[in-house]
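Novice: Got a structure here, written out as structure tokens. Questions coming.
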Amino acid sequence: MPVSLLWAVDVYGRVYSLSTAGQVWEQCRDAHMEFKRVTAAQRCCWGIACDNGVYLNVRASDLPVRYREEAYENQRWNPVDGFSERLLPSDRWQWSDVTGLQHRPLDGFRLPSASWEWEADWHADENLDGEPTEKGGWTYAIDFPATYTKDKKWNSCVRRKRWLRYRRYNVMDTWAKIPSQPATLPDPFSDISCGGWEISDEPMGRMSLWAVSLQGKVWFREGIDHHNPEGSWWEEMTLPGEVVQISCGPGDLVWAVLWEGQLIVREGVSRDCPKGTSWAVVDSPSPEVGATHVAVGVNVVWALTKDNKVWFRRGVNSHNPSGSGWISMVGEMMMINVGLNDQVFAVGREDRAVYFRQGVTSSELSGKTWRAVTVPRDGDRPHSSASSLQSAGCYFCGEVRAQSAVSDVESDGERGSADGSGLPLPLLHAAAAAVSPEPLADAATDHCDRPVDPPEARVPKVTSDSFISELVSDRDPSVAALLEEDDDDHPAPGGGDDAAISSSRSGGLGQWSNVDLEEAQGQRAQAAALADSADTCSLSSVATYTLAAEEQYGSDEHPLWAWVSGGGCSVDGHSQLGWFSCSTNASSLVQSVQSMSLSVTPAQTAAWRRQIFEQLGERTKRELDNFRHYEQAVEQSVWVKKGTMQWWRDWKPHKWTDVHFALEQFSGPEGNKDGILFIYYNYYEEKKYLHAFINEVTILVPVLNDSKHSFAIYTPERTKQRWPIRLAAATELEMHDWLALLSDSCLSSRGIQGPPSKQAMWSVTCKGDIFVSEPSPSLEALPYPTPCDQMFWRQVGGHLRLVESNSVGIVWGIGYDHTAWVHSGGDGGGFSQGLASSADNIYTQVDVKSVHIYENQRWNPVTGYTNRGLPTDRYMWSDASGLHECTKTNMKPPSPQWTWVSDWAVDYGVSGGTDREGWQYAADFPASYHGYKTLKDFVRRRRWARKSKLTTTGPWQEVPPISLIDVSLLPCAAPSSVDLVPLWAISNKGDVLCRLGVTALTPAGSSWLHVGTDQPFKSVCVGGASQVWAIAKDGSAFYRGSVSPQSPAGDCWYHIPSPAKQKLKQVSVGRTSVFAVDENGNLWYRQGVTPSYPQGSSWEHISNNVRKVSAGPLDQVWIIADKVQGSLSLSCGTVCHRLGVQPVEPKGQSWDYGIGGGWDHITVRGNSMEPPRVRRPSLTAPALDSPAF
């Protein structure tokens, strides 16, 4: 769980934050004024200060907040001056925006506030759609506006140049005042609330901020996003009445409270209209008492009425934001707030403590009970029960002692004096009652923060100045004698009774004001009887225990809160939080019971021993009689496990057939284990079987879908055929049991154990399953390498989209939700989590993946676009190919292990763009889609997305907090002398990052270093000699210059022209070679790369139908290929190895096909194992052919 913050404001206006991983409220030291209230998001916090100004606190991150300003310089050609600034009266401005409608001179740009700074001066953009422009960055067209090209033609009458300049937000982890807009707001704000970042497919960083003024008006802050956290301006909203408080949830819920006590709901909130369209009135939960406060989340609404009662609104969702009815909840609160995951926080009415609602889950949104957050504030003294009185400088005994005796008291309490010090338990309770005005049950009650309703405030009774003297003078003589005896054992240092009492009167009265001894005289007789029956006693420890249980905080330590905001606090109903501590020393009670010794005589011990022996003998006899009919267990060399499964038969028509499945495992003469798989089936009423040797199995692949729990078994022969043995179990548990057993048998037969080696090759399937293979030294040998269809792959727990490694043993991965993970060095997880050998360094991993379906429509002259297509058209609800019908109702999660975590929503992030409603248009199915309608577009489609969640285990640890889309590690040679390993990555926003502090001991590194770019990137790779290549989102390639251990981020980017009419999507750099894959599946090799000219000279086409490429530290080349011919059909997602790669021919000669299909990613960047040198048998040996695919 990533670390997040809970924000709160105390009654003095001081702002505090509490980390989900911490146990102390930390004050915002930079706040120079008091705040009224705050509203938080994950990356920032807004607040209203006592000067009525709005302030923003942005949390520091390794990823900076940057905003790109751009302006266009326009020129027109004339016969006299050529291209010049002299434009026609009907032309656009000489300096304008991209549309040409706004005048934007370079000297007219100003920083929005003092929180921003310019990164550099204006510079021309010399890139057009991935292609470098001519010197100066000019692009040409016939007229304004038109389609611009980088080449000047004879009819190019106008040209334009784009100028760029970046500004950076430099105020982090401190409060920055939001500048007021030119039209001053009529009155100051009284309430503020942020949210809206989870509105359906909301652009990254977009946020809604609502505010209420003292006159009851509501304002909306425009323009807040990741690049502009301050927003742009305030816009007033129309209202049905005067508002006193407002709440905005992470989604599309916005509620407010009117002065009359009614509530209003904002309707029409959507991606295109975050402000909403209208208000709907909702009655107060109680007709007699109006509402005073409301708090909303994603699917919940909580409210408070004027009598501080808590109410929960049922039936609330994005389709029905008004809900259906109110439910009264337990507790009385001053304010309430809903955070992430619909978790609820509140401030109690009586004690002003912060409360957390426990038990809030997606199935039980109202939760179960309130629990107080009892952690201290930074700077507060410890207030544990054992030290609450010791910190006062004295403790109870015959006299009041000075602070120097605290250590004696603490050690005495730890040994058990506070727990009785050898006193019988009734005597301890009576002695406590002798100095406590409360009943014994109240004095000894455990005051741990168990789930309770908010307690009533306890107002202590203040005693007189004669408190200590009354305690000493009014006590019974027998008790006094006992106290004096205790004083003899522990003399007070540095003074007598008078000095100690005087000290207590002058400075310690406040310490004891919570003690009431009105009933002390009435209990003196009981105390005297206790003293007569006690051999030894420490009344000091007894009194300390009683008072500590009575008050949790010191009189000046109890924090009084006025406001709390959990909008940035990422917790759920299962989070383990350290916010709830015990207010009494419960361990002392346990130690008290344990310290009570029993007087056991040797005769009793002997009798117990004889009784135990008799019972053991009877149990042994009973077990022998019950299990006598079983045969005696003997060690056998052959072991067989049988079961029934279904088999996807090899011949047509292919279908699932019931079979008997058996695994026969045996031990060889040298102790090595091997086995055979048998599948018994019927063929035209004839019993037959097929078998496979365990030592020939190359991989076991789970193939999960919504109907079958199946898995595939590959051997070298079946890998060549692209036709594995596919079996299906009855249940998921049974399938995992068989997979674990078969995997363990395969590892045993090959003698593989422990985690993957540093040289291991990693691959990922299109389902997210992770596999690893230990390469042999002859894998890259020339001229006879090991065929890659004989490689053995074993599964590693976890779920990732891609994995990258190097020969130092550092392995990073990225999930489908863009979360970064680093390998922990363990082995196992997933289906093998039950194996004892794979329990170390295994952690819980969560991944979120979107499932997509397409809504298709065709245009007709009568009704326009409808879901009535031609008979030859695709399904009106289908997958991306259009061959399979997929509707919202019948679409299932990717496998039974996944669960839905959202509803269906329109996906606007489709390649090619969409219109306002998410539609893409084309001339026909299938075709090239675009996000705007033309006269030739007769079909359109819209993609819908729904998020699903997977929780599994694996040897992976999360690397928060920045989300990534690509990562690359330096491919080190073996052995490597590199201490700090260069690691480059691309964030999900397209920022280029360099990870600092990455070593073999600290593979996760320490921090990110941002590398500036003029546009978002999508792929990066660091190769030998710290060569860094990257691909921008427009398909252009870049080389980073001057990267070295002394300058890990380099100094500048060099634009590399892409192959003609192609847009690159991925790059991989080896020791000396550079390979790239374009969006059409072509593999390219960069020629002319030398140490003196690392940018190379040109691109050379190598192959097509390539999905991914990986170049290793020995310049070896592996790819994921599509359309590889199998025995029955073409296979997509096949692992292929480039043969014949050598220094004189780095492009290689041909392909060797390995495991497939269904693979999506491979990395060989950890395999730095030099192949053995083999002498060629003949100089005339035939060369390997290069098959095309």
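Quick note on numbering that gives the first Met the number 0: the sequence shown kicks off at 0 and runs consecutively. For each residue, glycine too, the CB sits at the ideal point set by N, CA and C.
In terms of residues, what are the limits of the alpha helix (DSSP H) holding residue 746?
Specialist: Sequence index remark: in the sequence shown, residue 746 carries index 747 (1-based). Here the alpha helix (DSSP H) through residue 746 covers 731–749.
Novice: Do the CB positions of residue 795 and residue 846 come within less than 8 Å of each other?
Specialist: Here residue 795 refers to the residue found at position 796 of the sequence shown. Here residue 846 refers to the residue found at position 847 of the sequence shown. No, these two residues do not count as a Cβ contact at 8 Å.
Novice: By the three-class DSSP mapping on this structure, what secondary structure does residue 4 have?
Specialist: Your numbering for residue 4 matches position 5 in the sequence shown. Three-state result, residue 4: strand.
Novice: Using beta-carbon positions only, say whether residue 244 and residue 293 come within less than 8 Å of one another.
Specialist: If you number the sequence shown from 1, residue 244 lands on position 245. If you number the sequence shown from 1, residue 293 lands on position 294. Yes.
Novice: Between residue 82 and residue 102, what straight-line distance do the alpha-carbon atoms span, to the nearest angstrom?
Specialist: One-based indexing of the sequence shown puts residue 82 at position 83. One-based indexing of the sequence shown puts residue 102 at position 103. C-alpha separation (whole angstroms): 20 Å.
Novice: Indicate the three-state DSSP secondary structure (helix, strand or coil) for residue 52 in the structure shown.
Specialist: Here residue 52 is taken as the residue at index 53 of the sequence shown, counted from 1. In this structure, residue 52 counts as coil in the three-state DSSP scheme.
Novice: Mind checking which residues open and close the alpha helix (DSSP H) that includes residue 625?
Specialist: Counted from its first residue, the sequence shown places residue 625 at position 626. That run of the alpha helix (DSSP H) goes 601–625.
Novice: Between the C-alpha atoms of residue 897 and residue 815, what's the straight-line distance to the nearest angstrom?
Specialist: Against the sequence shown, residue 897 aligns to sequence position 898. Against the sequence shown, residue 815 aligns to sequence position 816. C-alpha separation (whole angstroms): 13 Å.
Novice: Between the Cα of residue 734 and those of 703, 754, 823 and 142, spot the shortest distance and give me the residue it belongs to.
Specialist: Translated into positions along the sequence shown, residue 734 becomes position 735. Residue 703 is the option with its Cα nearest to residue 734.
Novice: Please tell me whether residue 1189 and residue 1068 are closer than 8 Å, where the distance is taken between their beta carbons.
Specialist: Coverage of the chain is limited to positions 0 through 1188, which leaves residue 1189 absent and any answer about it impossible.
Novice: Looking at residue 213: is its Cβ nearer than 8 Å to the Cβ of residue 187?
Specialist: Here residue 213 refers to the residue found at position 214 of the sequence shown. Here residue 187 refers to the residue found at position 188 of the sequence shown. In this structure, residue 187 lies closer than 8 Å to residue 213 by Cβ.
Novice: Run the CB neighbour count on residue 1062, radius 10 Å, all protein chains shown included, and call it buried at 16 or more, exposed below.
Specialist: Reading the sequence shown from its first residue, position 1063 is the one you call residue 1062. Label assigned to residue 1062: buried.
Novice: Are the stretch 857–869 and the stretch 892–907 touching, with three or more C-beta to C-beta distances below 8 Å?
Specialist: These segments do not touch.
Novice: Comparing the CB of residue 693 with every heavy atom of the ligand MN, is any distance shorter than 7 Å?
Specialist: Looking at this structure, you won't find the ligand MN or any other ligand, since it has none at all.
Novice: Let me confirm a value: residue 565 is counted as buried when at least 16 other C-beta atoms fall within 10 Å, else exposed. Which label applies?
Specialist: Within the sequence shown, residue 565 is the residue found at index 566, counting from 1. Flag for residue 565 reads buried.
Novice: Could you please give me the residues that DSSP links to residue 331 through a beta bridge?
Specialist: Taking the sequence shown and counting its residues from 1, one reaches residue 331 at position 332. Answer is 308.
Novice: Am I right that residue 802 and residue 375 are in contact with their C-beta atoms under 8 Å? What's the rounded C-beta distance?
Specialist: One-based indexing of the sequence shown puts residue 802 at position 803. One-based indexing of the sequence shown puts residue 375 at position 376. Actually they are not in contact, since the Cβ atoms of residue 802 and residue 375 sit about 43 Å apart, beyond 8 Å.
Novice: Buried or exposed: which applies to residue 610, given that a residue is buried once 16 or more other Cβ atoms fall within 10 Å of its Cβ?
Specialist: The residue labelled residue 610 in the question sits at position 611 within the sequence shown. Exposed: under 16 other Cβ atoms inside 10 Å.
Novice: Would the stretch 118–130 count as touching the stretch 1029–1038 if we require 3 or more Cβ pairs under 8 Å?
Specialist: Verdict: yes, contact present.
Novice: Would you kindly work out how many angstroms separate the C-alpha atoms of residue 942 and residue 853, rounded to a whole number?
Specialist: The sequence position of residue 942 within the sequence shown is 943, counting from 1. The sequence position of residue 853 within the sequence shown is 854, counting from 1. One C-alpha to the other measures close to 5 Å.
Novice: What does a CB cutoff of less than 6 Å around residue 1012 pick up in its chain, not counting 5 residues either side in sequence?
Specialist: Position 1013 of the sequence shown, counted from the first residue, corresponds to residue 1012. Around residue 1012: 991.
Novice: For residue 211 and residue 377, what's the separation of their Cα atoms in angstroms?
Specialist: Translated into positions along the sequence shown, residue 211 becomes position 212. Translated into positions along the sequence shown, residue 377 becomes position 378. The straight-line gap from Cα to Cα measures roughly 32 Å.
Novice: If you check the beta carbons only, do residue 114 and residue 168 fall under 8 Å apart?
Specialist: Counting from 1 along the sequence shown, the entry for residue 114 is found at position 115. Counting from 1 along the sequence shown, the entry for residue 168 is found at position 169. Closer than 8 Å, so yes.
Novice: Across the stretch 715–724 and the stretch 1142–1156, are there enough close Cβ pairs to call them in contact, namely three or more that are closer than 8 Å?
Specialist: Counting Cβ pairs under 8 Å, three or more are found: they touch.
Novice: At 3 residues or longer, and completely inside the stretch 807–893: list those beta strand (DSSP E) runs for me, N to C.
Specialist: Segments of the beta strand (DSSP E) lying fully in the stretch 807–893: 810–813, 819–822, 842–859 and 863–865.
Novice: Expressed to the nearest angstrom, what Euclidean distance is found between the alpha-carbon atoms of residue 741 and residue 696?
Specialist: Working through the sequence shown from its first residue, we reach residue 741 at position 742. Working through the sequence shown from its first residue, we reach residue 696 at position 697. About 10 Å.
Novice: Is it the case that the Cβ atoms of residue 979 and residue 997 are separated by a distance below 8 Å?
Specialist: Locating residue 979 in the sequence shown gives position 980, counting from the first residue. Locating residue 997 in the sequence shown gives position 998, counting from the first residue. Taking 8 Å as the Cβ cut-off, residue 979 and residue 997 qualify as a contacting pair.
Novice: Whole angstroms is fine: what's the gap from residue 475's alpha carbon to residue 370's?
Specialist: As a working mapping, residue 475 is identified with position 476 in the sequence shown. As a working mapping, residue 370 is identified with position 371 in the sequence shown. In this prediction, residue 475 scores a pLDDT of 43, lower than 50, which makes its location untrustworthy; the coordinate-derived value is nonetheless stated afterwards. Residue 475 and residue 370: Cα-Cα distance of roughly 43 Å.
Novice: Are residue 889 and residue 873 close, meaning C-beta to C-beta below 8 Å?
Specialist: Position 890 of the sequence shown, counted from the start, is the residue given in the question as residue 889. Position 874 of the sequence shown, counted from the start, is the residue given in the question as residue 873. No, the Cβ-Cβ distance between residue 889 and residue 873 is not below 8 Å.
Novice: Taking 6 Å as the limit between beta carbons, can you name the residues of its chain near residue 677, skipping five residues before and five after?
Specialist: Working through the sequence shown from its first residue, we reach residue 677 at position 678. So the qualifying residues of the chain are 661, 688 and 690.
Novice: If you follow the alpha helix (DSSP H) that residue 720 is in, where does it begin and where does it stop?
Specialist: For the purposes of this step, residue 720 is taken as residue 721 along the sequence shown, with counting starting at 1. Start and end: 715–720.
Novice: For the structure I just gave you, are there three or more beta carbon pairs, one from the stretch 72–92 and one from the stretch 151–167, closer than 8 Å?
Specialist: Segments in contact, yes.
Novice: Nearest to residue 368 by CA position, among 344, 361, 348 and 349, is which residue?
Specialist: The residue labelled residue 368 in the question sits at position 369 within the sequence shown. Measuring from the Cα of residue 368, the nearest candidate turns out to be 344.
Novice: Based on the DSSP output, what are the partners of residue 34 in its beta bridges?
Specialist: Your numbering for residue 34 matches position 35 in the sequence shown. 48.
Novice: Could you check the C-alpha separation between residue 456 and residue 242 for me, to the nearest Å?
Specialist: Along the sequence shown, one-based indexing puts residue 456 at 457. Along the sequence shown, one-based indexing puts residue 242 at 243. Reliability fails at residue 456, whose pLDDT of 42 lies under 50, so the model's placement of it is uncertain and no value is given.
Novice: Do you know offhand how far residue 308's Cα is from residue 332's?
Specialist: Position 309 of the sequence shown, counted from the start, is the residue given in the question as residue 308. Position 333 of the sequence shown, counted from the start, is the residue given in the question as residue 332. So the two alpha carbons sit approximately 7 Å from each other.
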